[in-house]
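All remarks here apply to the structure that follows.
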Amino acid sequence: MTSLEKNGNGNESRHAAESTRGSRLSRGLRTGGETGIMRPVRGSELATNDGIATVDDPVLVTGAAGFLGPSVVGNLLDKGFRRIRCLARPTSNLTRLEKEIALRNGAGQAEIVGGNLLSREDCSRLVKDVPLIYHLAAGSGTKAFSDAFLNSAVTTRNLLDAALENACLRRFVNVSSFAVYTNRRKPHWRLLDETCPMEGHPESRAEAYGYGKVKQDELVIDYGKKHSLPYVIVRPGSIYGPGKDFIPGRVGIDSFGLYLHFGGGNPIPFTHVENCADAIVLTGLKTGIEGEVFNVVDDDLPTSRRYLRLYKKNVRSFRSVYVPHAFSYLFCCLWEKYSEWSHGQLPPVFTRREWAATWKKTHYSNRKIKERVGWKPSVPTSEGLRSYFESCRNTPAR
Amino acid sequence: MLKVAIVGCGKIADAHAAQIQRIPGCEIIGTCDREELMARQLAERFHVKRYYDRLDILLREGRPDIVHITTPPQSHFEIGRQCLEAGCHIYVEKPFTIDAAESEELIGLADRAGLRLTVGTDEQFSPAARRMRALVQDGFLGGPPVHIESTWCYELGDGAYTKALLGDDQHWARTLPGGLLQNTISHGIAKISEHLRGTSAQVTACGFVSPFLKKLGETGLIDELRVILQGEGGTTAYFTFSSQMRPSLHEFRIYGPKNGLAFDEDQQWLIKLRGERHKSYAEKFLPQASLAKQYSVGFFRNARLFLANDFHMSSGKKYLIGEFYRSITDGAPVPIAYREILLTSRIMDAIFAQIGTQAPLSPGGPGRKPER
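Chains as they are written, first to last, in our numbering: chain A, 9 to 406; chain B, 104 to 475.
Right, dumping it as structure tokens:
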């Protein structure tokens, strides 16, 4: 890659889109009905709060209305936190978050606040007096690299700057993804663990989300080095659970009117949303793990073939064709070459890097987070898949 | 070697960078965005050596020949003015400016400085659009156009842009004089302007908020628009913009005194509509056979273009950029006449004035333009 030079550092010329400020959400307590429904405490019990934050400290959860956010907020409420600041985008569907809060009678403990992480003013307001930040928000659902970068890296930079300025941050939990791993040149052959390198050229994979996440992780690590940011990076695998009907791309693709099953016997790095939320919350509370990376996958992972069979049996039936690894690799190789040769007449959607990251036979480990953080998945995979499939049956198929 | 710079490093800048790099004889020498990280990410991904967060430094140090302005429309005029004053030709992403007054001023500045400019209505240069233009110029219509129909739809789905737009009362697209419409209709209007005479037109417009948006509680964002136009030469046109009709068309039809033409931007077909009628029952069968033949020919033409590696998704953009650069290096005419740019701006001004989107949406207060 060409070396880069930086020029200019002022801010007089204002070229980019105006950061979107304001929202329809009120900037304060928004929800949380007092239903009186009691709910058992879930997830791993932390023997002691190791001193990162007490239950009376304010805790910020960004991306609180996403798929994972409500479970993280619920887990924090279960652990007794009383001042949870839940950041939701103006367009977010708040139903699940409101439900999680109401189930725990947590109206007074969790407030939903509107805001935009592209606004430095909003960031300053959100991090005020907050020692513990769970940063779940990310640029997902876009194919544009610039959008993903803006909503992952730029937002994270704004949040970090505000948090450092606030000077009371004790832990920044950066929620990343397996999408950042290259899955090539791994130190332990087929095993993908925390020692594996991140993708060196994320722009060459046709996954905007992964690109944004790599840049976000690089930024956090850089802030750790330069500003002694007390961070932990959590990288979940494929998060599944009720409310999200999907077949991971690691299983295959549904692009040509027929489902092409590429995964075969590969294990799918699933983590149930409740297990994942528990892992994330714990990494925010455990001392002595600053600067560490933790992968999150459940035990007893199903293979791609088994998952597809179960999905078809339990949710909906459709035709699929298994494509052996040698063929899928050859397909990606040919597509990549043609894309290069034709200067993008076919976009580089299938490349060897993408194949390695998505369909190469890989095993996963959750040993580090179990040993260092004390996490254990409380929802067994068999039970998680059962409730997940049940939820899929009750929601319209995508 | 033409030195090119890109100012504004959002989503559309990617498309510009990708197409510029396919054009021989030019090099992107710098990217610029007031958000330094955005300028940097574009530079990294497209292997551009330098990036800037200040336009004045880019212009002074980079000394580009051409600047592509891919910022939100509110800033087009000011950035365009600075670039022209620095001696740069400018390619301005659509919509050209926020109103006709700014368009006139910018074109005047370019003319006085002996520089060239163009606007990014690149859909006018897709393969089917170019074939249509050639047929019109060859006289296929049999005279000046009698009537034009331009349909330009925008699907308001659950994409990131729609979510951001609907969820944020201060979204930059809402602060445009024409709101959402201003950022979307210029492709469809520009196609009409190309075939009208003169620099003004009579406009009758009707705009409203779709039931879909009303259901979501939206009251200020007009997403349905119907327009009747009459140009100076008497040619009339209908323009339709809809967020709700399906299929979500990007279609253009033009009728002359003898024949007509129709083309679809998405599917890249061009159909000749013969004015002559067949006798008796032949009229019920032969035209359909002719249409079937034309669609078949279109299929094979598109396949041939694809196999010849000349059917990229952004081929219109590449063609427009290439022609604009050629107008600079070879002195060829600019690909989009300034008359058309002005007419498009004036038509849009008239539409927004009639449907009432023009005054209150600026954050600067009623009737104020966004600050420069």
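Even glycine gets a Cβ: it sits at the ideal position worked out from N, Cα and C.
Excluding the 5 residues preceding and the 5 following R476 (chain B) in the sequence, name in chain order all residues of the same chain whose CB lies nearer than 7 Å to its CB.
The shown model of chain B, from 104 to 475, leaves out residue 476 (chain B), and the question about it has no answer.
Can you give the Cα-Cα distance for T403 (chain A) and L84 (chain A), rounded to whole angstroms?
As a first step, residue 403 (chain A) must be located in the first sequence, where it is residue number 395. As a first step, residue 84 (chain A) must be located in the first sequence, where it is residue number 76. Each residue's alpha carbon lies about 28 Å from the other.
Give a yes or no on whether the minimum CB-CB distance between T99 (chain A) and chain B is below 7 Å.
Here residue 99 (chain A) refers to the residue found at position 91 when the first sequence is read from its first residue. With 7 Å as the cut-off, T99 (chain A) counts as an interface residue toward chain B.
Is there a Cβ from chain B that is less than 7 Å from the Cβ of Q353 (chain A)?
Along the first sequence, one-based indexing puts residue 353 (chain A) at 345. It does: the Cβ of Q353 (chain A) has a partner Cβ on chain B nearer than 7 Å.
Which same chain residues end up closer than 6 Å to F89 (chain A) when comparing Cβ atoms and leaving out the 5 residues on each side of it in sequence?
Here the question's residue 89 (chain A) lines up with position 81 in the first sequence. Here the set comprises V63, V67.
If you draw a straight line from the alpha carbon of A237 (chain B) to that of P436 (chain B), how long is it in whole angstroms?
Residue numbering aside, residue 237 (chain B) sits at position 134 when the second sequence is read from its first letter. Residue numbering aside, residue 436 (chain B) sits at position 333 when the second sequence is read from its first letter. The straight-line gap from Cα to Cα measures roughly 16 Å.
Any C-beta of chain B under 7 Å from that of V121 (chain A)
In the first sequence, counting from the first residue as 1, residue 121 (chain A) sits at position 113. Not an interface residue.
Residues sharing a beta bridge with W255 (chain B), DSSP:
Taking the second sequence and counting its residues from 1, one reaches residue 255 (chain B) at position 152. Per the DSSP secondary-structure output, W255 (chain B) pairs in a beta bridge with B:F344, B:H353.
Is the CB of F157 (chain A) under 7 Å away from at least one CB in chain B?
To locate residue 157 (chain A), count along the first sequence from 1; it is residue 149. Yes - at least one Cβ of chain B is within 7 Å of the one on F157 (chain A).
Counting only Cβ pairs nearer than 8 Å, list the residues of chain C close to E211 (chain A).
You won't find chain C in this structure, because its protein chains are A and B.
At which residues does the beta strand (DSSP E) containing K329 (chain A) begin and terminate?
On the first sequence, position 321 is the one that residue 329 (chain A) refers to. The residue you asked about is not Lys; residue 329 (chain A) is Val in the sequence shown. That run of the beta strand (DSSP E) goes 328 to 330.
Taking 6 Å as the cut-off, does the CB of G220 (chain A) come closer than this to any heavy atom belonging to the ligand MN?
Ligands are entirely absent from the displayed structure, and the ligand MN is therefore not among its contents.
Alpha-carbon spacing of P350 (chain B) relative to H196 (chain A), whole angstroms
Indexing the second sequence from 1 puts residue 350 (chain B) at position 247. Indexing the first sequence from 1 puts residue 196 (chain A) at position 188. Their Cα atoms are separated by approximately 52 Å.
Three-way DSSP call (helix, strand, coil) for C94 (chain A) in this model
As a working note, residue 94 (chain A) is residue 86 in the first sequence. Strand.
Spatial neighbours of F414 (chain B) within its chain, please: CB distance less than 6 Å, with the 5 preceding and 5 following residues excluded, ordered by chain position.
Mapped onto the second sequence, residue 414 (chain B) falls at position 311. The beta carbon of F414 (chain B) is closer than 6 Å to those of L408 in its chain, skipping five residues each way along the sequence.
With distances taken between CB atoms, is the gap from Q371 (chain B) to N405 (chain B) smaller than 7 Å?
Locating residue 371 (chain B) in the second sequence gives position 268, where the first residue counts as 1. Locating residue 405 (chain B) in the second sequence gives position 302, where the first residue counts as 1. Cβ distance < 7 Å, so Q371 (chain B) and N405 (chain B) count as in contact.
CB-CB under 8 Å to V107 (chain B), same chain, minus the five flanking residues each way: which ones, in chain order?
For the purposes of this step, residue 107 (chain B) is taken as the residue at position 4 of the second sequence. Cβ-Cβ distances below 8 Å link V107 (chain B) to I123, C129, E130, I131, I132, P167, D168, I169, V170, H171 in the same chain, with the five nearest sequence neighbours on each side left out; the list follows chain order.
Can you tell me the Cβ-Cβ gap for L328 (chain B) and A308 (chain B), rounded? I've got them flagged as a contact below 8 Å.
Reading the second sequence from its first residue, position 225 is the one you call residue 328 (chain B). Reading the second sequence from its first residue, position 205 is the one you call residue 308 (chain B). Correct: roughly 7 Å between the Cβ atoms.
Counterpart residues of I374 (chain B) in DSSP-defined beta bridges:
For the purposes of this step, residue 374 (chain B) is identified with residue 271 of the second sequence, where counting begins at 1. Paired residue(s): B:A365.
Can you list the beta strand (DSSP E) stretches of 3 or more residues lying completely in the segment 189 to 256 of chain B, in chain order?
192 to 195, 220 to 222, 250 to 256
Which same chain residues, not among the five before or five after G260 (chain A), have their C-beta less than 8 Å away from its C-beta?
Position 252 of the first sequence, counting from 1, holds the residue named residue 260 (chain A). Around G260 (chain A): Y267, L268, H269, F270, G271, S312, L316, S328, V331.
Determine the chain A residues that contact L389 (chain B) at a beta-carbon separation under 7 Å, and present them in chain order.
If you number the second sequence from 1, residue 389 (chain B) lands on position 286. Within chain A, no residue comes near L389 (chain B); the closest Cβ sits about 34 Å away, beyond 7 Å.
Could you check what DSSP says for T311 (chain A) in three-state terms: helix, strand or coil?
Looking up residue 311 (chain A) in the first sequence gives position 303. In the structure shown, T311 (chain A) sits in a strand (DSSP, three-state: E or B).
Can you confirm whether N412 (chain B), when its beta carbon is compared against all beta carbons of chain A, has any partner nearer than 7 Å?
The count along the second sequence starts at 1 and reaches residue 412 (chain B) at position 309. Answer yes: the Cβ-Cβ gap between N412 (chain B) and chain A drops below 7 Å somewhere.
Give me the Cβ distance between V281 (chain A) and Y248 (chain A), rounded to the nearest whole Å; I'm assuming they're in contact under 8 Å.
For the purposes of this step, residue 281 (chain A) is taken as the residue at position 273 of the first sequence. For the purposes of this step, residue 248 (chain A) is taken as the residue at position 240 of the first sequence. Indeed they touch by this definition, with Cβ atoms about 7 Å apart.
List, in chain order, every chain B residue whose beta-carbon is nearer than 7 Å to that of F153 (chain A).
Locating residue 153 (chain A) in the first sequence gives position 145, counting from the first residue. Neighbours of F153 (chain A) on chain B, chain order: D117, R148.
Would you please state the rounded distance, in angstroms, between the beta carbons of G291 (chain B) and F366 (chain B)? I believe it to be under 8 Å.
In the second sequence, counting from the first residue as 1, residue 291 (chain B) sits at position 188. In the second sequence, counting from the first residue as 1, residue 366 (chain B) sits at position 263. 13 Å between Cβ atoms; not a contact.
Flag this pair as yes or no: are the beta carbons of L445 (chain B) and S229 (chain B) separated by less than 7 Å?
The count along the second sequence starts at 1 and reaches residue 445 (chain B) at position 342. The count along the second sequence starts at 1 and reaches residue 229 (chain B) at position 126. Cβ atoms of L445 (chain B) and S229 (chain B): not closer than 7 Å.
Cβ neighbours of R47 (chain A) in the same chain (closer than 7 Å, five flanking residues each side left out)
Position 39 of the first sequence, counted from the start, is the residue given in the question as residue 47 (chain A). Caution applies to R47 (chain A), whose pLDDT of 41 falls short of 50 and renders its modelled position unreliable; the model cannot decide the point.
Out of B:V312, B:V306, B:F311, which has the shortest C-alpha to C-alpha gap to T338 (chain B)?
Residue 338 (chain B) sits at position 235 when you count from the first residue of the second sequence. That would be B:V306, whose Cα lies nearest to the Cα of T338 (chain B).
Please name the residue or residues paired with L105 (chain B) in a DSSP beta bridge.
One-based indexing of the second sequence puts residue 105 (chain B) at position 2. Per DSSP, B:C129.
Have a look at B:M348, B:S383, B:I357 and flag the residue whose alpha-carbon is nearest the alpha-carbon of R377 (chain B).
As a first step, residue 377 (chain B) is located in the second sequence; it is residue number 274 there, counting from the start. It is B:I357 whose Cα lies nearest to the Cα of R377 (chain B).
Where do the N-terminal and C-terminal ends of the alpha helix (DSSP H) with F402 (chain B) fall, by residue?
Sequence index remark: in the second sequence, residue 402 (chain B) carries index 299 (1-based). Run containing F402 (chain B): 385 to 410, per the alpha helix (DSSP H) assignment.
State yes or no: is the C-beta of A276 (chain B) within less than 7 Å of the C-beta of L283 (chain B)?
Walking along the second sequence from the start, residue 276 (chain B) turns up at place 173. Walking along the second sequence from the start, residue 283 (chain B) turns up at place 180. In this structure, L283 (chain B) lies closer than 7 Å to A276 (chain B) by Cβ.
Helix, strand or coil: how does DSSP classify R300 (chain B) here?
Your numbering for residue 300 (chain B) matches position 197 in the second sequence. DSSP places R300 (chain B) in coil when its eight states are reduced to three.
Looking at C-alpha atoms only, which residue of A:P210, A:K221, A:P98 is the closest neighbour of R192 (chain A)?
Position 184 of the first sequence, counting from 1, holds the residue named residue 192 (chain A). Closest option to R192 (chain A), Cα to Cα, is A:P210.
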